[in-house]
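Asks:
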Amino acid sequence: MSPIAVLPSFVVLDPLLQSWLLEDIGRGDRTTGSLLMGHSSIGQANWTAKQAGILAGLPIAARIFQLLSNLPNTDSFASRVSFTQVVEEGQACQPGQVVATIQGSLETLLMGERVALNLAMRLSGIATLTRQYAEKIADLPARLVDTRKTTPGLRLLEKYASQVGGAINHRMGLDDAVMIKDNHIAAAGGIAEAIALIREKIPYPLTIEVETTTVAEVEVALEHGVDIIMLDNMSLDLMQEAVQLIRSHHHPVKIEASGNITLETIRAVAETGVDFISSSAPITRSSWLDLSMILESKQTNS
Numbered sequence: 024m025s026p027i028a029v030l031p032s033f034v035v036l037d038p039l040l041q042s043w044l045l046e047d048i049g050r051g052d053r054t055t056g057s058l059l060m061g062h063s064s065i066g067q068a069n070w071t072a073k074q075a076g077i078l079a080g081l082p083i084a085a086r087i088f089q090l091l092s093n094l095p096n097t098d099s100f101a102s103r104v105s106f107t108q109v110v111e112e113g114q115a116c117q118p119g120q121v122v123a124t125i126q127g128s129l130e131t132l133l134m135g136e137r138v139a140l141n142l143a144m145r146l147s148g149i150a151t152l153t154r155q156y157a158e159k160i161a162d163l164p165a166r167l168v169d170t171r172k173t174t175p176g177l178r179l180l181e182k183y184a185s186q187v188g189g190a191i192n193h194r195m196g197l198d199d200a201v202m203i204k205d206n207h208i209a210a211a212g213g214i215a216e217a218i219a220l221i222r223e224k225i226p227y228p229l230t231i232e233v234e235t236t237t238v239a240e241v242e243v244a245l246e247h248g249v250d251i252i253m254l255d256n257m258s259l260d261l262m263q264e265a266v267q268l269i270r271s272h273h274h275p276v277k278i279e280a281s282g283n284i285t286l287e288t289i290r291a292v293a294e295t296g297v298d299f300i301s302s303s304a305p306i307t308r309s310s311w312l313d314l315s316m317i318l319e320s321k322q323t324n325s
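Okay, so the sequence shown: first residue is 24 according to my numbering, each after it adds one.
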C-alpha cells in the first residue's frame, strides 16, 4: 500500500456499507435463506484475480462480511468469520492468483459476496490505472492529484483507492479549500474581484487556488497572493512560460496543471516544473479489476 493511503474510519464507512447491503439484500436473500434453512454451515472461499492489477478495497470487503456476521439474529457458530489477505493492499496481483481467503457461515459468505466483490473490483480498477499514471512521473518532483469527479456515494472510497494507487487527494469537498474556477470568475466579474470577495469571508487557514488559462491571468493571481495557481488546458510552451513567471515571483506559490492529462502527456507536463498534476482519468476512465469468489469447502452442523 502507498504510505499515504489512509483507510477512512469505519465510523464513517459503516453506514454506507450497511446501506449498500440493504440495497442488495432487501427483505432477505431468498436463495440463500431457502437453501440453508435449518442448517448452520461454515464455508471457506478463495478470492481469485482474473486479471493483473493493483489490489485495493480488501479491508472494506472484510468489513462487509464482518457486519453481516454480527447481525443480532446470528448464533455464535454462524458469527465466526475470518478474512485473510494473501496479497497486501496496494500490491500487484496476477491472473489466477488467490488474493484472499475467507471462512465463515455460508449465509454470510453468500449474502456479502456481491457487494464485497463489487467494491473491491471498482477500487482495484482505480488503483490499477492510478498506479500507471503515477509511475510515469515517479522520478520527477511533480505529484499526481485526483479530483472531485467521483461517483456520488463512493467519493471516500474512490479517493482512498486513488491514494492506494499512488496519487494525492485533492480537496474532498467544497468545504476543504477555495478553488476559484472559470464560472466563479465570470460570476464575480474577474479574478481580482473574486479573490477580494472570497478572502474577506473565508475562515483561517483555508487556502485559495485560482484556475488560469493565460499568462495574464497568472499575473493577476500572483498580484493578489493566492496560494495555488492552476494552469488549465495550457499548451506545454505556455505552461512552461507560466511556470517560469511564477517561480520568479517572491511569494511562494504552488503550481497545479490540469486538463487533458493522459498517460501519453503526463510526463511532458511534469517536466515543465509544476508541483502537482490533477486528473480525473484514473477514476473516471478506469475499468473494474475482475475478481471472483469460489467456495472451496463447507462444514455443516445440524
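The beta-carbon is built from N, C-alpha and C at its ideal position, and this holds for glycine as well.
1) Could you tell me the distance, in whole angstroms, from the CA atom of Val249 to the CA atom of His273?
2) Along the chain, which unbroken stretches of the alpha helix (DSSP H) at least 4 residues long are found entirely within the segment 258 to 320?
3) Could you pull out every residue in the same chain whose Cβ sits closer than 7 Å to the Cβ of Ala211, ignoring the five residues on either side in sequence?
4) Any idea what DSSP makes of Gly80, helix, strand or coil?
5) Based on Cα-Cα distance, which residue from Lys159, Thr295 and Leu152 lies nearest to Ser303?
6) Would you list the one or two residues that DSSP bridges to Ile251?
7) Which full runs of the beta strand (DSSP E) of 3+ residues lie inside the segment 170 to 229, going along the chain?
8) Between Ala28 and Gln186, which are expected to be in contact by the criterion C-beta below 8 Å, what is the C-beta distance as a whole number of angstroms?
9) Report the rounded CA-to-CA distance for Lys182 versus Val238, giving the unit in angstroms.
10) Just tell me which of Glu130, Arg290 and Glu240 has its CA closest to the CA of Ile87.
11) Does the pairing of the segment 157 to 168 with the segment 282 to 298 give three or more beta-carbon distances under 8 Å?
12) At a cut of 8 Å, does the segment 120 to 135 reach the segment 65 to 73 through at least three beta carbon pairs?
13) Are the beta-carbon atoms belonging to Ala79 and Ala184 less than 8 Å from one another?
14) What span of residues does the beta strand (DSSP E) with Leu167 cover, start to end?
15) Can you tell me where the alpha helix (DSSP H) holding Val12 begins and where it ends?
16) So Val241 and Ala265 are supposed to be a Cβ contact under 8 Å. How far apart are they, rounded?
17) Between which two residues does the alpha helix (DSSP H) harbouring Gly56 extend?
18) Indicate the three-state DSSP secondary structure (helix, strand or coil) for Val29 in the structure shown.
19) Tell whether a beta-carbon distance below 8 Å holds between Val122 and Ala190.
20) Could you check if Val201 is buried or exposed, using at least 16 other CB atoms within 10 Å of its CB as the buried criterion?
21) Can the beta-carbon of Trp43 be found less than 8 Å from the beta-carbon of Arg145?
22) Between which two residues does the alpha helix (DSSP H) harbouring Ala244 extend?
23) Counting C-beta neighbours from all protein chains within 10 Å, is the total for Phe100 16 or more, i.e. buried, or is it exposed?
24) Could you tell me if Ile317 is buried or exposed, where buried requires 16 or more neighbouring beta carbons within 10 angstroms of its beta carbon?
Replies: On the basis of the coordinates in this document:
1) Taking the first residue of the sequence shown as position 1, residue 249 is located at position 226. Taking the first residue of the sequence shown as position 1, residue 273 is located at position 250. Each residue's Cα considered, the two are about 12 Å apart.
2) 259 to 270, 289 to 293 and 304 to 307
3) Here residue 211 refers to the residue found at position 188 of the sequence shown. Ala217 and Leu220, listed in sequence order.
4) Stepping through the sequence shown from its first residue, residue 80 is reached at position 57. If DSSP states are grouped into helix, strand and coil, Gly80 belongs with coil.
5) Position 280 of the sequence shown, counted from the first residue, corresponds to residue 303. Checking every option, the nearest Cα to that of Ser303 belongs to Leu152.
6) Mapped onto the sequence shown, residue 251 falls at position 228. According to DSSP, Ile251 bridges with Glu232 and Lys277.
7) 201 to 203
8) In the sequence shown, counting from the first residue as 1, residue 28 sits at position 5. In the sequence shown, counting from the first residue as 1, residue 186 sits at position 163. Indeed they touch by this definition, with Cβ atoms about 4 Å apart.
9) Taking the first residue of the sequence shown as position 1, residue 182 is located at position 159. Taking the first residue of the sequence shown as position 1, residue 238 is located at position 215. Approximately 31 Å between the Cα atoms of the pair.
10) Start at 1 with the first residue of the sequence shown, and residue 87 comes out as number 64. Nearest option by C-alpha distance: Glu130.
11) yes
12) yes
13) For the purposes of this step, residue 79 is identified with residue 56 of the sequence shown, where counting begins at 1. For the purposes of this step, residue 184 is identified with residue 161 of the sequence shown, where counting begins at 1. Cβ distance < 8 Å, so Ala79 and Ala184 count as in contact.
14) As a position in the sequence shown, residue 167 is number 144, starting the count at 1. Here the beta strand (DSSP E) through Leu167 covers Arg166 to Val168.
15) Examination of residue 12 is not possible in this model, given that the chain is present from 24 through 325 alone.
16) In the sequence shown, counting from the first residue as 1, residue 241 sits at position 218. In the sequence shown, counting from the first residue as 1, residue 265 sits at position 242. Rounded, the Cβ-Cβ distance is 5 Å, consistent with contact.
17) Looking up residue 56 in the sequence shown gives position 33. Segment Arg53 to Leu59, the alpha helix (DSSP H) holding Gly56.
18) Residue mapping note: residue 29 aligns to position 6 of the sequence shown, counting from 1. Coil, per DSSP.
19) Counting from one through the sequence shown, the residue named residue 122 turns up at place 99. Counting from one through the sequence shown, the residue named residue 190 turns up at place 167. Not in contact: Val122 and Ala190 (Cβ atoms no closer than 8 Å).
20) The residue labelled residue 201 in the question sits at position 178 within the sequence shown. Its Cβ being crowded by 16 or more others within 10 Å, Val201 is buried.
21) Reading the sequence shown from its first residue, position 20 is the one you call residue 43. Reading the sequence shown from its first residue, position 122 is the one you call residue 145. No, Cβ-Cβ distance for Trp43 and Arg145 is not below 8 Å.
22) Translated into positions along the sequence shown, residue 244 becomes position 221. Element bounds for Ala244: Val238 to Glu246.
23) In the sequence shown, counting from the first residue as 1, residue 100 sits at position 77. Since pLDDT at Phe100 reaches only 48, below the 50 mark, its modelled position is unreliable, and no value is offered.
24) Walking along the sequence shown from the start, residue 317 turns up at place 294. When all chains shown are included, Ile317 counts as exposed.
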